[in-house]
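In our numbering, the protein residues as written are 94 to 543.
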Amino acid sequence: MTRTGSSRRRFLKQTTAAGVGASMLPAVSWSRVLGSNERLNMAVIGTGGMGTGHTQRLVDRKQAENIDVISVCDVYRRRLNNAMRIIDKGDGSGTMEYREVIDNPDVDAVLIATPDHWHTKMSIEAMENGKDVYVEKPLSHTIPQALACRDAVKRTGRTLQVGPQGTSEGNFWAARKAIAEGRIGKPVWSQGAYCRNSRGGQFNWAMQADAGPNNDPGADGYVWWDQWLGHEHGLAPKIDWNPEHFFRFRKYFAYNGGLATDLLYHRLSPLIMAISGHSGEYPKRVVASGGIYLEKDDRDIPDTFFMMVDYPSEHTVVLSSVMTNDDTWPYVIRGQHATMNFGNGIDLKEQGVWSNEFRANNGIETRKVRDEDGKTKDEPGRGRAEVHLGSVPRRDHMGNFLDAVRNGDQLACDVDLGCSVMVAIKMGVEAYRQNKVMLWDPQKEEMIAT
C-alpha cells in the first residue's frame, strides 16, 4: 500500500515560501466590525465566466441585500476591465494582484472564482486577514489543501461557504429531514450524475488570439501568466505560455480534477449532506473508472468518468459524468424501507417487504384484520404505498452566505461538508489516475493507494 499526497505542513510551507504568508499572520487582521444593518463590502477574485456571472448578480442584488462590490481582481487584463465596468467604481477598483484585495481593510468578504489550484491559498490568506469567504467549488485542488483550509476556518473563526448550490436546494433539506426521521429506513446506496454532450468538445472554450504574457501590461490582451500558474507557491508546474491551458484549464489535471471536481462535486455534496448530516462524512474506500473515449485532443482528463464511494456508516454512493452523451441518471437515495426520488419535491416509494415499517414511519394507517386463529395482524398492503413530501423553502446559496456573515445563520455548505466531499472526490480522481483502490486513514487523515 502507498500513502499518497503531500502533507498539510508541506502545503503551508509552499504557500509561505515567497514571503509572509497565511500561517504568519495574526488570526484576525484588518477585520472591520460589521453591524447587522451595515453595508457589506465585497470583492471578487477571478473574473472569468463564473466570476463575471457572480459579479453581475452581486451588483444586481446590491440594494436588496445592502451589499457593494468595491473591488475586482484578475490576471487577464481584458476580464479585469470588463469586471470593472460591471461594478462601476472607477480606475482604482481593479487589480491584478490579489493581495491588494485581501489586504484592503474596507473589504469584508471575498468571493473566489479562480481556477481550482488557487482556491485554498487565497481562502486561507483572506480568512487570516479577517475576511469571510465564498469560494467556488471545489474547496481545493488537493486533499492537504482542503484539510489546511478546514483548519484555518477553525483557527480564525471566519465564515466560509463552498459553492455547490445544490446544498441550498429545498429538496435536499426535505430529504435530510425525512432520512433523519427514519422514513426510508437506513440508506444503503444512492446515485447522482452530471452528463453533457457537445460538437466542439467539452471545455473547449473560446480563446482570444491576442491574449498572452508578451503584451504590454496595460493592454487588453495582457495575461500575468506566472501569477496564474502559481508555480512560485508550488500550486502548478512552471510551463511556457499555453493558451490551451489558460483558457481551457479544466482539460488538465495540473489545475483541477476534471469531471470529478467540476461536476460531480455538485452531485455528491447535497447527497452526502442529506444522508450523513450537515458535516458530511469522510469516505472509507473509493474506486473509479472511465477514460478518454472520444475527445482525443491534448487533454488528460477523461471524457467518461464513474466513481463509487463507500462510507463507514455503511452506504455507497455511485456517481457518473459523461461528456459525450447527455442522457443522465436522476438523483435517487435508496433505503431499506423505501426509495427516495427527486423531482417537484421528493417522493418516497415503499419496499413491499417493509411495508408495515414504512407506513408506520410515514403516518399511513394500516387496517387490522384477524387471521384464522383469531389473532390480530396488519392487513397486507395492496400495491406499494407512496408518500410525497414538499420542498423546504430556503434562501439561495449566496443569500445563505450573506445571512451567515451578518447573522451567523447555518451555512448550506460549510468547510466541514466541503472538506469531506473534497476528500472523496479527490480520492476518485486518484483512483482513476493510478488505477488503484483508494482507502482513507481517518487517524492520519491520509489517502492510501492499494
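Idealized CB from N, CA, C, for every residue including glycine.
Same chain, Cβ closer than 8 Å to residue i, five either side skipped, listed in chain order
i	result
Leu322	Leu328, Ala329, Pro330, Lys331, Ile332
Val113	Reliability fails at Val113, whose pLDDT of 35 lies under 50, so the model's placement of it is uncertain and no value is given.
Arg487	Ser261, Glu262, Gly263, Trp266, Asn493, Ala505
Ala120	Any reading at Ala120 must be qualified, since the residue scores a pLDDT of 45, below 50, and its modelled position is unreliable; no value is offered.
Glu479	Asp440, Leu441, Lys442, Glu443
Gly467	none
Val498	Leu127, Leu133, Asp201, Ala202, Asp225, Thr252
Arg378	Val402, Asp403, Val530, Met531, Leu532, Trp533
Beta carbon of residue i nearer than 8 Å to that of residue j
i	j	result
Ile205	Ile163	no
Asp181	Leu133	no
Ser369	Tyr404	yes
Gly373	Ile365	yes
Val514	Tyr358	yes
Gln254	Thr213	no
Phe346	Asp393	yes
Gly175	Thr145	Rather than Gly, the amino acid found at residue 175 in this sequence is Asn. Cβ distance < 8 Å, so Asn175 and Thr145 count as in contact.
Arg477	Gly456	no
Met545	Trp317	Shown here, the chain extends from 94 to 543; a query on residue 545 therefore has no answer.
Ala268	Ile518	no
Val168	Gln320	yes
Arg360	Gly483	no
Alpha helix (DSSP H) segment containing residue i, residue limits
i	result
Pro237	236-249
Phe265	263-273
Tyr45	It is not possible to answer for residue 45, since the shown part of the chain is limited to 94 through 543.
Met540	Element bounds for Met540: not the alpha helix (DSSP H) but the beta strand (DSSP E), 539-542.
Gln527	508-527
Leu361	358-369
Lys214	212-221
Asn493	490-500
Asn175	170-180
Ala206	Neither: Ala206 is in no alpha helix (DSSP H) and is coded neither H nor E.
Tyr191	191-195
Asp544	The requested residue 544 is not part of the displayed model; the chain covers only 94 to 543.
Identity of the residue in the options nearest residue i by Cα
i	options	result
Asp161	Ala268, Tyr169, Thr148, Arg171	Thr148
Val485	Glu523, Gly438, Arg248	Gly438
Pro198	Lys214, His338, Trp211, Met220	Met220
Asn307	Arg170, Ala542, Thr249, Gly476	Arg170
Ala367	Thr417, Glu388, Gly351, Gly428	Gly428
Asn418	Arg292, Ile179, Asp390	Arg292
Trp298	Phe342, Ser283, Val255	Phe342
Lys529	Met540, Pro535, Val316	Met540
Glu131	Ile457, Trp422, Lys155, Asn454	Lys155
Asn349	Ala453, Asp209, Ala497	Asp209
Gly305	Trp282, His338, Gln284, Ser283	His338
Val411	Ser362, Asp391, Glu388, Asn454	Ser362
Thr235	Trp211, Gly223, Gly256, Val246	Trp211
Glu407	Gly142, Pro376, Cys512	Pro376
Val281	Gly183, Met177, Thr409	Thr409
Met143	Gln536, Thr421, Gly256	Gly256
Ala157	Glu538, Met491, Gln527, Gly511	Met491
Val246	Leu510, Thr421, Pro535, Val516	Leu510
Lys344	Cys512, Thr207, Glu388, Ala312	Glu388
Tyr191	Asp184, Ile179, Met215, Gly183	Met215
Pro336	Ile179, Trp447, Asp391	Asp391
Cβ-based neighbour list, residue i, same chain, cut-off 6 Å, excluding 5 preceding and 5 following
i	result
Ala381	Met400, Gly521, Ala524, Tyr525
Met72	The question about residue 72 has no answer here: the residues shown for the chain are numbered 94 through 543.
Leu352	Phe398, Ser414
Asp303	Gly314
Leu118	For Leu118, the predicted model reports a pLDDT of 43, less than 50, meaning its position is unreliable; a value from the coordinates is still stated below. The residues are Glu221.
Gly187	Val165, Leu173, Met177
Lys537	none
Leu495	Glu158
7 Å CB neighbourhood of residue i in its chain, flanking five on each side removed
i	result
Leu356	Tyr287, Ser414
Leu151	Met135, Ile160, Val162
Gly383	Pro395, Thr397, Phe398, Phe399, Tyr525
Thr543	Met94, Lys529, Val530, Leu532
8 Å Cβ cutoff, residue i in contact with chain C
i	result
Lys442	The structure shown contains no chain C; it holds only a single protein chain.
Element boundaries [beta strand (DSSP E), containing residue i]
i	result
Trp282	280-286
Asn434	431-436
Glu479	479-482
Leu532	531-534
*Kindly confirm or deny that the region 237-251 and the region 212-228 touch, where touching means at least three C-beta pairs closer than 8 Å.*
Between the region 237-251 and the region 212-228, the count of C-beta pairs closer than 8 Å reaches three or more; the two stretches touch.
*Touch check for the region 265-280 and the region 431-451: three-plus C-beta pairs under 8 Å?*
Contact holds between the region 265-280 and the region 431-451, because three or more Cβ pairs, one in each stretch, are under 8 Å apart.
*Is the region 262-275 close to the region 390-410, with three or more CB pairs under 8 Å?*
These segments do not touch.
*Counting pairs of beta carbons, one from the region 498-505 and one from the region 248-260, are three or more of them closer than 8 Å?*
yes
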